[in-house]
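Numbering (numbering that gives the first Met the number 0), first residue to last: 0 to 112. Glycine included, every Cβ here is placed at the ideal spot set by N, Cα and C.
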Amino acid sequence: MPNIILKQQQNIHRTVLDNGIVVIVVENAAADIIASRLFLRAGSQCDPPNQAGLSHLVSAVITKGTQELSSIDIAERVESMGAQLGADAANDYFLLSLKTVAADWFEMLQLAG
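Set out below in structure tokens:
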């Protein structure tokens with residue numbers, strides 16, 4: 000039987016903000032990378048009956064441009080930082096995710112918002 004190597008215990012912090020948002024942070028001091036995932040209690044279960052698929056549509060277009068930046072502008076900025084930016088929707092959640100080096104995190108957060 001092969002040996003199973005267990006992951007080192009991770010430094011995990013969980014906080015509930017006054018507005019009910021749950022924040023979970025997993026620290027890894029060995030990496031200079033920040034990966035953020037924002038899960039919202041939403042998704043297709045919250046779509047109005049006459050607008051089925053709305054949450055999936057929003058997840059498909061949310062990173063495709065703003066009043067100030069086109070989809071190409073956003074894609075070029077994300078790519079120039081070697082970062083990742085994405086969105087997804089499921090039945091019970093909406094997800095916005097980003098991954099970048101720590102030095103570029105604030106700029107990526109602005110692009111995501």
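Do the stretch 91-104 and the stretch 34-50 touch if we need at least three Cβ pairs shorter than 8 Å? yes
Is there contact between the stretch 55-67 and the stretch 13-27, where contact requires at least three CB pairs shorter than 8 Å? no
State the beta-bridge partners of ILE33 as determined by DSSP. THR99
From what residue to what residue does the beta strand (DSSP E) around ARG13 run? It spans 10-15 - the beta strand (DSSP E) in which ARG13 sits, taken as one unbroken run.
Let me know if GLN109 comes out buried or exposed under the rule of 16 or more other beta-carbons within 10 Å of its beta-carbon. exposed
For the beta strand (DSSP E) containing ILE71, list its first residue and its last residue. Unbroken run through ILE71 is the alpha helix (DSSP H), 70-79; no beta strand (DSSP E).
By a C-beta neighbour count over all protein chains shown, 10 Å radius and 16 as the cutoff for buried, is GLY42 buried or exposed? It is buried - the Cβ of GLY42 has at least 16 other Cβ atoms within 10 Å.
Collapsed DSSP secondary structure at GLN109 in the structure displayed: helix
Using a Cβ-Cβ cut-off of 8 Å (strictly less than) and excluding sequence neighbours within five positions of SER70, which residues of its own chain qualify? THR62, LYS63 and GLY64
Less than 7 Å separating the beta-carbons of ALA82 and SER58? no
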